[in-house]
Amino acid sequence: MTHYIGRFAPSPTGPLHFGSLVSALASFLDARAAQGQWLVRIEDLDPPREDPSAAAEILRILDQYGLYHDGEVVYQSQRSDLYQAALEQLISSGAAFPCTCSRSQLGGRLHLGICSARPGEDCAYRFLCPGTHLTLHDGLQPDHSYDCQQSIGDFVIRRRDHLWSYQLAVVVDDAAQGITHVVRGIDLMDSTARQYLLQQALALPHPHYSHLPVAVERNGQKLSKQNLSLAVCGADVAATLFTALQWLRQSPPDALASAGRDEMLQWAVAHWQPALLSGLSGQPAPSSFMRPS
Ligand SMILES: [Zn+2]
């Protein structure tokens, strides 16, 4: 039996749409096919952008789809102490520094190199981008290479308003939860590069990443809460799962279309072939899950 701990980590900014459902389903199937654990983490780091009822609604939908998680749900809003400890570690090793540069001062350029800010209440903290090349290997996508100072720069890990950045929190939590495998949308590939650099600086293990194609609307925009994509509801669960398996190119047999939810998930775990998604970066969502044109 392989050691596998996967996770699904939504931000509670709104209900699940088809794109987030297929990410949840693919990461669940990948974990269960490896007889691994599958954890759920709510990434509630940005209260002003969040909907207080969204986390409960996301968890309710996952349950309705039979995507049962292992262990307790973790909420990032309760884990500031861990992020603070990681920030202090980065500061003491010289990998993070205070910054008061404004967006207009940067004028669209990447931040490169320690600036003259002193630590204080009114500063952000940035990760000091190393002058290296980085090549990411992926379970589904070709290698992605980055010249870090050309394309990443020094990125914010704690904002001026004291909110934690997504990148730092994810790296700390993936390590704390022992995550070995991350299956998520290719839109997060550039975040993976930043997370990889943070893992190096904090001497944390790198999970194995597989980046899925994203589901797109008629106009080519990816499905997202910001793009007002349609919510997945709790009706027609088995039919939606069947559609999701087709979208994931798993070729479920016609006879499975009339099966119930649990039988469908059992089939999907037994027949999970992520390689069928290799090299795909995006494909249209099923029309019933696209915004009306
Ligand atoms: Zn600065």
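Residue numbers (my numbering): 731 to 1023.
Glycine residues also receive a C-beta, built at the ideal position from the N, C-alpha and C atoms.
Note that the structure is predicted; figures quoted are calculated from it, not measured.
Exercise for review: Check each residue's C-beta against every heavy atom of ligand 1 and list, in chain order, those closer than 5 Å.
Suggested key: For ligand 1, residues qualifying as neighbours are C829, C831 and C845, where qualification means a beta carbon closer than 5 Å to at least one of its heavy atoms (chain order).
Check your understanding: For Q980, which three-state DSSP category applies?
Key -> In the three-state scheme derived from DSSP, where H, G and I count as helix and E and B as strand, Q980 is classed as coil.
**Study point:** Extent of the continuous alpha helix (DSSP H) to which G749 belongs
**Key:** Counting along the chain, the alpha helix (DSSP H) containing G749 begins and ends at F748 to A763.
Review point. Helix, strand or coil: how does DSSP classify S1044 here?
Key: The shown model of the chain, from 731 to 1023, leaves out residue 1044, and the question about it has no answer.
**Study point:** Opening and closing residue of the beta strand (DSSP E) in which R737 lies
**Key:** Element bounds for R737: I735 to F738.
Exercise for review: Return the CA-CA distance between A906 and A933, expressed in angstroms with no decimal places.
Suggested key: If you draw a straight line from the Cα of A906 to the Cα of A933, it comes to about 13 Å.
Review point. Out of curiosity, what's the CA-to-CA distance linking A739 and E773?
Key: Roughly 6 Å between the two C-alpha positions.
Review point. Apart from the five residues just before and just after M731, which ones in its own chain have a Cβ nearer than 8 Å to its Cβ?
Key: Reliability fails at M731, whose pLDDT of 48 lies under 50, so the model's placement of it is uncertain and no value is given.
Review point. Is the Cβ-Cβ distance between Y896 and S875 less than 9 Å?
Key: With contacts defined as CB atoms closer than 9 Å, Y896 and S875 fail to qualify as a contacting pair.
Review point. Hey, is the stretch 909 to 917 in contact with the stretch 940 to 960, meaning 3+ C-beta pairs nearer than 8 Å?
Key: With the rule of 3 Cβ pairs closer than 8 Å, the stretch 909 to 917 counts as touching the stretch 940 to 960.
**Study point:** At least 3 beta-carbon pairs within less than 8 Å: the stretch 781 to 791 vs the stretch 860 to 875
**Key:** Below 8 Å, too few C-beta pairs join the stretch 781 to 791 and the stretch 860 to 875 to call them touching: fewer than three.
Practice item. Have a look at the DSSP bridge pairing and note the partners of G695. Key: Shown here, the chain extends from 731 to 1023; a query on residue 695 therefore has no answer.
Check your understanding: Given L986, which residues of its chain have a CB within under 7 Å of its CB, disregarding the five upstream and five downstream residues?
Key -> The beta carbon of L986 sits closer than 7 Å to the beta carbons of F972, M994 and W997 from its chain, once the five residues preceding and following it are set aside; these are given in chain order.
Check your understanding: Just checking, does the stretch 830 to 838 make contact with the stretch 798 to 812 on the three C-beta pairs under 8 Å criterion?
Key -> Short answer: they don't touch.
Exercise for review: On a CA-only basis, which of Q806, Y855 and P1014 is nearest S822? Give me that one, please.
Suggested key: Comparing Cα positions, the closest option is Y855.
Practice item. Check the C-beta distance from K955 over to G744 and give it rounded, since I have them as a contact under 8 Å. Key: About 4 Å; that satisfies the 8 Å criterion.
**Study point:** DSSP state of I909 mapped onto helix, strand, coil
**Key:** DSSP, read as helix, strand or coil, puts I909 in coil.
Review point. Do A1015 and F827 have their CB atoms nearer than 9 Å?
Key: For A1015 and F827, no; Cβs fall outside 9 Å.
Review point. Just the Cα atoms here: how many angstroms apart are M1020 and Q819?
Key: When only Cα atoms are considered, M1020 and Q819 end up about 45 Å apart.
Point to revise | Span separating the alpha-carbon of L866 from that of V944 | key: If I take the Cα positions, the gap works out to 19 Å.
Point to revise | Distance CB(L769)-CB(R809) smaller than 9 Å | key: No, the Cβ-Cβ distance between L769 and R809 is not below 9 Å.
Check your understanding: Name the DSSP beta bridge partners of P1014, please?
Key -> DSSP, once it has assigned bridges, lists V946 as partnering P1014.
**Study point:** Residue range of the alpha helix (DSSP H) that includes Q925
**Key:** For Q925, the enclosing alpha helix (DSSP H) starts and ends at M919 to A931.
Check your understanding: What residue ranges within the stretch 794 to 838 form continuous alpha helix (DSSP H) runs of no fewer than 4 residues, ordered along the chain?
Key -> The DSSP assignment places complete alpha helix (DSSP H) segments of no fewer than 4 residues inside the stretch 794 to 838 at 810 to 822 and 833 to 836, in order along the chain.
Check your understanding: Distance, Cα to Cα, A931 vs S1018?
Key -> The straight-line gap from Cα to Cα measures roughly 44 Å.
Review point. Based on the DSSP output, what are the partners of H941 in its beta bridges?
Key: Answer is R914.
Check your understanding: If we ignore side chains and look at the alpha-carbon of each, how far apart do A1000 and A763 end up?
Key -> Straight-line spacing of the CA atoms in A1000 and A763 works out to 7 Å.
Review point. For T865, which three-state DSSP category applies?
Key: Strand, per DSSP.
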